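Protein sequences, first through last, are from chains A and B. According to numbering that gives the first Met the number 0, the residues represented by the first sequence are 0 to 794, in order. According to numbering that gives the first Met the number 0, the residues represented by the second sequence are 0 to 794, in order. Working notes for the structure below.
Number of protein chains: 2
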Amino acid sequence: MASDLTQLTDADLAAIDAWWRANNYLTVGQIYLQANPLLREPLRPEHVKPRLLGHWGTSPGLSLLFAHASRLIRLTGQEMIYLAGPGHGGPALVAAGYLEGAYTETYPEVTQDEEGMRRLFRQFSAPGGIPSHVSVTTPGSIHEGGELGYVLVHAFGAVMDNPDLIALAVVGDGEAETGPLEGSWKGISFLNPARDGAVLPVLHLNGAKIAGPTVLARKDPAEVRRLFEGHGYEVIEVSGEDLPGMHHRVAEALATAYLRIKEIQEAARTGGWDGRRPRWPMVVLRSPKGWTGPDVVDGTQVAGTWRAHQVPLSGVRDNLEHLAMLEDWMRSYRPEELFGNDGAPAAPVLAANPDGPLRMSAHPAANAGSGKDELVVPDFRDFALDVAAPGTSRAESTRQLGAMLAETYRRNPHDFRLFCPDETNSNRLGAVFDVSDRAFAESVTAADVSLSRDGRVMEVLSEHNCHGWLEGYTLTGRHGLFATYEAFAMVSAAQTIQHSKWLEESSALSWRKPPPSLNILLTSTAWRNDHNGFSHQGPGLIQNVIAQRGSVSRVYLPPDANCLLSVADHALRSRGYVNLVVIDKQPQLQWLSIDDAVEHCARGGGVWSWAGSDDDTVDPDVVLACAGDVVTMETVAAAAILKERLPRLRVRVVNVVDLMALPRPVDHPHGMADTLFRELFTDHVDVVFAFHGYPGAVHQLVHGRPDADRFHVRGFIEEGTTTTPFDMTVRNRTSRYHLVMDAINNAGRTPSGATELKRWCEEQLRLHHEHVIAHLEDMPAVRDWSLPVPGPGEG
Amino acid sequence: MASDLTQLTDADLAAIDAWWRANNYLTVGQIYLQANPLLREPLRPEHVKPRLLGHWGTSPGLSLLFAHASRLIRLTGQEMIYLAGPGHGGPALVAAGYLEGAYTETYPEVTQDEEGMRRLFRQFSAPGGIPSHVSVTTPGSIHEGGELGYVLVHAFGAVMDNPDLIALAVVGDGEAETGPLEGSWKGISFLNPARDGAVLPVLHLNGAKIAGPTVLARKDPAEVRRLFEGHGYEVIEVSGEDLPGMHHRVAEALATAYLRIKEIQEAARTGGWDGRRPRWPMVVLRSPKGWTGPDVVDGTQVAGTWRAHQVPLSGVRDNLEHLAMLEDWMRSYRPEELFGNDGAPAAPVLAANPDGPLRMSAHPAANAGSGKDELVVPDFRDFALDVAAPGTSRAESTRQLGAMLAETYRRNPHDFRLFCPDETNSNRLGAVFDVSDRAFAESVTAADVSLSRDGRVMEVLSEHNCHGWLEGYTLTGRHGLFATYEAFAMVSAAQTIQHSKWLEESSALSWRKPPPSLNILLTSTAWRNDHNGFSHQGPGLIQNVIAQRGSVSRVYLPPDANCLLSVADHALRSRGYVNLVVIDKQPQLQWLSIDDAVEHCARGGGVWSWAGSDDDTVDPDVVLACAGDVVTMETVAAAAILKERLPRLRVRVVNVVDLMALPRPVDHPHGMADTLFRELFTDHVDVVFAFHGYPGAVHQLVHGRPDADRFHVRGFIEEGTTTTPFDMTVRNRTSRYHLVMDAINNAGRTPSGATELKRWCEEQLRLHHEHVIAHLEDMPAVRDWSLPVPGPGEG
């Protein structure tokens, strides 16, 4: 077979070249034309779109690779998906789906005839049409390629536990400059050739980005080769622009890479593997930017330069010379050979297509189709803590989740993974190691613990890799969880946002199967980063997730282990959401029995009557609300102090688990009904709300609720350092003493004893300060220590 | 000199070894002891801290490198700063400053005697003390090393335009796994050996991170070498744990690297350079994690494994065996040789220190001390647009800024740089190329435009590099601007947050000179990403910046060119802030003359009486407020419609430039006084606020203002695609027609004609829809197109 594969037959060459020309023709058509799609008549200005948008430069390279990958599929039956890192080459991928027929199967209006082709052109990059990038609307794609940097992480995630799949991932030389991309070549250090599929990266060096050359394109090719050999790859280079020479060489390069992959996998799957990390193949393709397009325009070199990045011929409606060049350009592909009289792709073109689901534009993996449909989630009640009474026992809540995740691993040996930057044990999720090691394909020593090439727990010190792998894993239909330190969730916040956008758009497409949710567990939170200090204290991701569309964004702040289990059960079973779950890993007070927790989480929040002192028959004098574990403890403590010291003050305690229950139902589907909201918060009583994150998050969520001004939110106001958990609450003015004073100051009436109690609270805080200041006098006053001033949004 | 430098003399060896032992002793002391610092008596449990925090594993490597770099400085007079990527090795850097005397100069209470040493130990990682990481409190540091990934970008930024400086940057093998770090080796592709200083990266492979081995530590060393040769470096390797062998080899490695740097610079500065990118040296140091610490504890190997990462001996107060091991460990450094009777560092230790400002813990560059004190900012009025009347002319506002930046380049040839991911021209800032090319050290061809090794405009397709370089550039005292696409500002949002935290803490330290502000210009905004679509539409960074401390965070939304110039003037002159400036690059209506703009920006916002229909003598019926360019246009248009169609309705138009003028003064120093707020917004009239970003941002900022519930904010509600700018406002319900209807619905009274006008608006929107739907019927309905439902936080 080897010789067949690496040698392009005449028939193959004809098919591939026809398909490629057809694709390039359709690409140019999408960018330029709104009528006369088959050039049946000479091109006139009115056939050209009034506004020219799109990216030509990368497109011919993308379609060339697509055509040659399709040949491999045809000849071998290999299952393959295609990820276009240069996603702005959208028209090439849309054209590929059209030529393969999948586009028409997905969008029946875009028929494979002249009228359909006109629609294909018209819709591109037009209002009401499709985006100019490869996007969620593109059949066969799991990768947008809008924000650059993630094509390899998506590809590696897609092939994990997907042994029969190859993900061909094109890396543009612009994208190759980004940090996340450079950090993602190391995916092979975590891949198991027996159990996982393979990624075939193609670094497409066409020399330029928007406005200039790229680093890799201008480095000595020997240096580039060394770089990727250093990353662990076998580098297969192909370059040029001669035809048909390039077809032969690209075919040989892809076939060589393919055969090498098969050789590696075969060895690993039949016992012939020494266990060392294979040198996986990759291809470096050097071809001109804007290849086959206009060479020189108005006396300036365009092809092969950054000028070919977007629209190489401008002002075509007004410039007859440019119009003629456009027509020549399109006719250079000889459309009459490529499309029949009816406009449908002709036989020579169709010969290049693989069959049915093997077509890359129709592969089920790219539509959440790999893996089992349903995750086998164990009964979360099996991991519940026995909570006899609220606040009487302490436990590390995430440890219970760890046990649940271990059992989830056990029951889903091919469909579930945990992704975590080196912190699985630190986050108390280490029970998973009873079932699976950490994945590691580099050398392992006898002294290593829970680390092997067969492991399926993904630890790499890169939030970008963890997040992106999970995206690729879920977009191909499998399930997982990304657990990370709360503050460093901001490192991958851009990925969280872009994935949210993907899910938002995806949910509007009936043909898209909703992928399993992206579950993010934030632990080691701002309030309990005792020994790491200020750089590790930041609840910022909440700010970003609440701004996304309500159809996708979910934020949960379980106050204890049993609530966490209930939330996790929901998150793991769900599809199409970004579930952000925030809870600390340190030992913490436990509040609810598992039955109470289930009911509490189902409602999203509720009155904790055992904590408060109101009796439900009349409105309370003040509501103490809370969301988040540490602030919940302070709230319950404050309520206890008030109950003891001011027994006649009616204090209601409300705990909120589901943050998106706070907005109005019209603003978010989880928004609690107005009647429930009033049941909890009344419509006029002041609410002192202790919040885990920045106070402004709650202020914006309750906007529109009855008299939202009465919500006085306390939370993280960006005060922190290496200090005790209690001191953190003091610095951020959410301590029990602050909450007691806030409650008194905002209560509807002032019972006797209130002034004394406030004075007592001040005294407690003074004692705390004295203790710290005593400490300080013993130590350098490296920072002026005084009560922090209020932060933004606090009121 | 070469032979002197690479050969360690006996005297040097003695000094370095003594200094290193002293540093290790102080490091262990900081982690463990609260009393008996000199071990004058046998160690007892009460001498040990009750809670053991800190990171031992990386520390001996950090201090070894510090000692050897100091030797180079002593022997050559080289100016050097030290950046500890593994910033959790904080105690080693604190100990270095203490041994060099800079710590005591900075914090006089921490004397160089027994009592001072006790304080040094006590304060470490304790409430009221100092963080466990290298941080802003550490003299000589510009790098926190809390959130990993940025040590090389900070180092490269520090040496740009700093020809005499070498930044020694230690990269931990954990950090080396992150995307931002992997993407930052390419700094040398932008460095000019004649004009810039040099970065000397030391990749410190000690084999493990928190819980397991690292990728680079477990790869074949030949592969690692290839990787960095591929990045363009000359790799100098040194490894082992034998003493004094390692001292000799490390001295040789650092000296070789140093001499190579000097050779490169000498050639470049004396005309002996061929212009090709030099192969800059780097060092790969392999030494055991936790070197010189406990080898085996309780029968388990600790040194050399991840178990040495934090505190290798635990439970020391309760475990006499561990206590004895701790004492043996500390005594193994022979403290009696290292500290005098009074506890001060002894002569053999002091012999290792460079003098005065050459000490790395005291180098002025690490305290914003490089470059000129004041940026020479040209008169921004010179670039003003002539605006005869509001809304009568269009211009690309950022083009005026580009002209101002070009002049800023001209007047500050060594102290100002623009950083931008490949979009300087796209963002209309291309005038800077009249003064300076893009920097590029890889090969340049004749066809390249504005690209040379002498260029000082920094373009790399990596937000992480751009942001981080600017941080390093400003933290060493120089000035700059980071310009990027709005949506992709989230890629580097974590850096924005961490830098804010640095500035927040820095401002509380009197010895820290405030660095020039970090200026971020966001352009190509959500509203005008016509051809890129949804992935390019996201105003998320505002959400994060407004949550930072008011002492640092600034957000400006200039509505036109003259306001942008006024804001830019302020931002470029300022120190200690993160200035976020948001404005689009497309042609847009101009509103204010330069004089009006200056006054408007100084107040932060104001009434645009020419746009509204109220007369100042009585309260208006409704306020139309706006912040951001596109929504300002819609607001003015809405007011014009209302003025024409409902002349009796009193509509006030308020434009806000300085977003942080909205909060109360108690919440932000820019918060406008209550009287001014009432002058603009009254205290009871409903406000329809059209906002550039997510509506929730404004809702949270006005919280606490009189009757904040009356603010009805419209903004980006996460609706977008490739579409026209006007359609974007329709989809996000901020169009002029929506605003007119909102104004009527929220006005204090309903003048006659209101119902008709609302109907007319609905008709306009219907026509718009029809137009789009007509389009759609002509095209595949790839997405259900209907009026978007309200998004989160809209009300």
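Backbone N, C-alpha and C fix where the C-beta goes; we use that ideal spot for every residue, glycine too. Just so it is clear, the structure is predicted and the values come from calculations on it, not from any experiment.
In three-state DSSP terms, what is Asn531 of chain B? coil
Within 10 Å of its beta-carbon, does Ala83 of chain B have 16 or more other beta-carbons around it, so buried, or fewer, so exposed? buried
Taking the C-alpha atoms as reference points, what is the distance between Leu325 of chain A and Gln33 of chain A? 14 Å
Opposing strand residues paired with Val483 of chain B [DSSP bridges]: The identity of residue 483 of chain B in the sequence shown is Thr, whereas the question assumes Val. In DSSP, Thr483 of chain B forms a bridge with B:Leu521.
Ranges of the beta strand (DSSP E) found wholly within the segment 673-699 of chain B, counting only runs of at least 3: 686-690
Tell me which same chain residues have a C-beta within less than 8 Å of the C-beta of Asp195 of chain B, skipping the five on either side of it? Val158, Met159, Asp160, Asn161, Pro162
Do you know how far the Cα of Val490 of chain A is from the Cα of Val653 of chain A? 33 Å
What do you reckon, are the CB atoms on Ile543 of chain A and Gln542 of chain B nearer than 7 Å? Rather than Ile, the amino acid found at residue 543 of chain A in this sequence is Asn. Taking 7 Å as the Cβ cut-off, Asn543 of chain A and Gln542 of chain B qualify as a contacting pair.
Going by alpha carbons, who is nearest to Asp618 of chain B out of B:Phe680, B:His667, B:Leu641? B:Phe680
Three-state class that DSSP yields for Pro662 of chain B in the structure shown: coil
Is the number of C-beta pairs between the segment 456-465 of chain A and the segment 409-418 of chain A that are closer than 8 Å three or more? yes
Checking 7 Å against the spacing of the C-beta atoms, do Gln111 of chain B and Ala343 of chain B come in under that value? yes
List the residues of chain B that Gly182 of chain A touches, going by C-beta distances under 8 Å, in chain order. Glu176, Thr177, Gly178, Pro179, Leu180, Glu181, Gly182
Note the first and the last residue of the continuous beta strand (DSSP E) segment covering Leu82 of chain A. 78-83
Taking the beta strand (DSSP E) that Ser552 of chain A belongs to, which residues open and close that run? 552-555
Does DSSP put Met281 of chain B in a helix, a strand or coil? strand
Distance cutoff 7 Å, beta carbons only. Does Pro664 of chain A sit that close to anything in chain D? Protein chains in the displayed structure are A and B, and chain D is not among them.
Residues near Gly604 of chain A by beta carbon distance below 7 Å, same chain, minus five either side: Val653, Asn654, Val655, Val656, Asp657, Ala660, Leu679
Cβ closer than 8 Å: which chain B residues qualify as neighbours of Val434 of chain A? Simply none; closest approach about 17 Å.
Please return the same chain residues whose Cβ sits closer than 6 Å to the Cβ of His535 of chain A, not counting the five positions on each side in sequence. Ala486, Asn528
7 Å Cβ cutoff, His218 of chain A in contact with chain B: In the sequence under discussion, the amino acid at residue 218 of chain A is Lys, which differs from the His named in the question. So, interface residue.
Would you verify that the beta carbon of His308 of chain B is, or is not, closer than 7 Å to some beta carbon of chain A? no
Per-residue burial, Gln547 of chain A [other beta carbons within 10 Å of its own, 16 or more giving buried]: buried
Using a Cβ cut-off of 8 Å, which residues of the segment 517-551 of chain A contact any Cβ in chain B, in chain order? Asp529, His530, Asn531, Gly532, Phe533, Ser534, His535, Gly537, Gly539, Gln542, Asn543, Ile545, Ala546, Gln547, Arg548, Gly549
Thr407 of chain A by DSSP, collapsed to three states: which one? helix
Quick one: is Gly100 of chain B near chain A, going by C-beta distance under 7 Å? no
Which residues does DSSP list as the beta-bridge partners of Asn543 of chain A? The partner list for Asn543 of chain A (beta bridge, DSSP) is empty, contrary to what the question assumes.
Under 7 Å, do Asp583 of chain A and Thr524 of chain A count as touching if we go by C-beta distance? yes
Confirm, please, whether the CB-CB distance from Ala256 of chain A to Val198 of chain A is below 7 Å. no
Report the neighbours of His698 of chain B on chain A: residues whose CB is nearer than 7 Å to its CB, in chain order. His698, Gln699, His702
The segment 310-322 of chain A touching the segment 227-236 of chain A, judged by at least three CB pairs closer than 8 Å: no
What's the call for Ser751 of chain B, buried or exposed, on a 16-neighbour Cβ count within 10 Å? exposed
What are the start and end residues of the beta strand (DSSP E) that includes Leu579 of chain B? 577-581
Which stretch, first to last residue, makes up the alpha helix (DSSP H) that contains Asn464 of chain B? 462-474
Which of the three DSSP states is assigned to Gln6 of chain A in this structure? coil
Output needed in chain order: residues of the segment 706-720 of chain A with a Cβ under 7 Å from some Cβ in chain B. Asp706, Ala707, Asp708, Glu717, Thr720
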